[in-house]
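Presented below is the structure to which this report refers.
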Amino acid sequence: MKKIRVLLADDHKIILEGLRAILEPEFEIAGAVEDGRTLVAEAKRLSPDVVVADISMPRLNGIDAARQIRKIDERIKIVFLTMHSQVSYAASAFEAGASGFVLKHSAPQELITAIREAMQGRTYITPIIAGDLIDSYQDGSLQQGELKGALSPRQREVLQLLAEGKSAKEIAAVLNISPRTVEFHKYRMMEQLKTKTSVELIQYALEYGLVSQ
1 MKKIRVLLAD
11 DHKIILEGLR
21 AILEPEFEIA
31 GAVEDGRTLV
41 AEAKRLSPDV
51 VVADISMPRL
61 NGIDAARQIR
71 KIDERIKIVF
81 LTMHSQVSYA
91 ASAFEAGASG
101 FVLKHSAPQE
111 LITAIREAMQ
121 GRTYITPIIA
131 GDLIDSYQDG
141 SLQQGELKGA
151 LSPRQREVLQ
161 LLAEGKSAKE
171 IAAVLNISPR
181 TVEFHKYRMM
191 EQLKTKTSVE
201 LIQYALEYGL
211 VSQ
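The opening position of the sequence shown corresponds to residue 1 in our numbering, with each subsequent residue numbered one higher.
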């Protein structure tokens with residue numbers, strides 16, 4: 001029987017090595033990457049069955065990477081393995097097309113189960129937050145996803161790179177746009193989010209999980 005091919009993504013090498021050790025007995029590890037942009041490129045190149053990714057990653061966060069991967073090939077299943085236990089992160093993950101949401105402090109078997117469930121076309125969410133997620137949908141309290149949705153995908157890309165300390169010229173090179181366009185996106189976001197300084201803009205990126213603390 002052909003093994004399920006899994007692509008790993010996390011910005012900590014020790015986590016990647018641990019995941020490889022846990023998953024290799026049962027799955028084929030197609031590759032391992034350390035940032036969101038490389039994840040998108042490798043998902044396109046390798047066409048894995050499943051991507052196991054962190055949410056907070058350099059250059060492009062996992063949720064926006066998931067959106068891009070699903071546009072490239074919607075057959076690729078995405079399972080998030082993250083330290084973020086807030087319901088709003090899980091909601092954003094599933095809105096981006098994820099099939100699973102597992103916390104890093106969960107038992108290894110839970111991740112294996114999530115991968116299996118994803119390949120069966122089912123959704124897996126760690127039991128610790130499953131009830132809270134359902135309650136939040138029912139009572140309409142999931143405002144974080146709505147706030148993040150106020151920004152376009154390109155704006156979120158620019159904002160993440162700004163928050164990582166990159167200059168307009170460096171961002172322009174990464175995104176293949178002009179520095180002037182970067183500045184336009186920056187000031188448009190400040191206008192939309194009613195922030196007055198770059199610091200406030202970066203605080204927004206931190207608050208809504210576009211970059212890690």
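Idealized CB from N, CA, C, for every residue including glycine.
Taking the Cβ atom as the reference point for each residue, do residue i and residue j lie within a distance shorter than 8 Å?
i    : j    : result
V6   : A43  : no
S85  : I129 : yes
V50  : K77  : yes
I4   : I115 : yes
Q155 : M189 : yes
F27  : A53  : no
R20  : L8   : yes
G97  : N61  : no
P174 : R59  : For the record, residue 174 in the displayed sequence is Val; it is not Pro. Closer than 8 Å, so yes.
What residue range is occupied by the uninterrupted beta strand (DSSP E) comprising residue i?
i   : result
G31 : E28 to V33
K3  : K3 -> no beta strand (DSSP E), and no H or E assigned at all.
K77 : K77 to T82
A53 : V50 to A53
What are the boundary residues of the alpha helix (DSSP H) that residue i is part of?
i    : result
A65  : G62 to I72
I14  : K13 to L23
P179 : P179 to L193
S198 : S198 to E207
A163 : P153 to A163
K169 : A168 to L175
A43  : G36 to L46
Should residue i be labelled buried (16 or more other beta-carbon atoms within 10 Å of its own) or exposed?
i    : result
G145 : Legend: pLDDT at G145 = 45, less than 50; position of this residue unreliable, no value from coordinates given.
G100 : buried
L147 : Legend: pLDDT at L147 = 47, less than 50; position of this residue unreliable, value from coordinates given subsequently. By the neighbour-count rule (16 or more Cβ atoms within 10 Å), L147 is not buried but exposed.
S152 : exposed
S178 : exposed
N240 : Past the boundaries of the shown model lies residue 240; the chain is included only from 1 to 213, so the question cannot be answered.
S88  : buried
H185 : buried
Q109 : exposed
D10  : buried
G149 : Legend: pLDDT at G149 = 49, less than 50; position of this residue unreliable, no value from coordinates given.
Q120 : exposed
M57  : buried
A219 : Nothing can be reported for residue 219: it is not among the residues displayed for the chain, which extend from 1 to 213.
V67  : Note that residue 67 is Arg in the sequence shown, not Val. Counting Cβ neighbours within 10 Å, R67 comes out buried, since at least 16 surround it.
P25  : exposed
What whole-angstrom Cβ distance do residue i and residue j have, given they're in contact under 8 Å?
i    : j    : result
A93  : I63  : 6 Å
V182 : V158 : 6 Å
Y204 : T195 : 6 Å
L193 : A163 : Going by Cβ atoms, the distance from L193 to A163 rounds to 13 Å, so no, they are not a contact pair.
T82  : K104 : 6 Å
A32  : L16  : 5 Å
Check: What are the start and end residues of each continuous alpha helix (DSSP H) run of 4 or more residues lying completely inside the segment 86-119, in chain order?
Finding: 87-95 and 108-119
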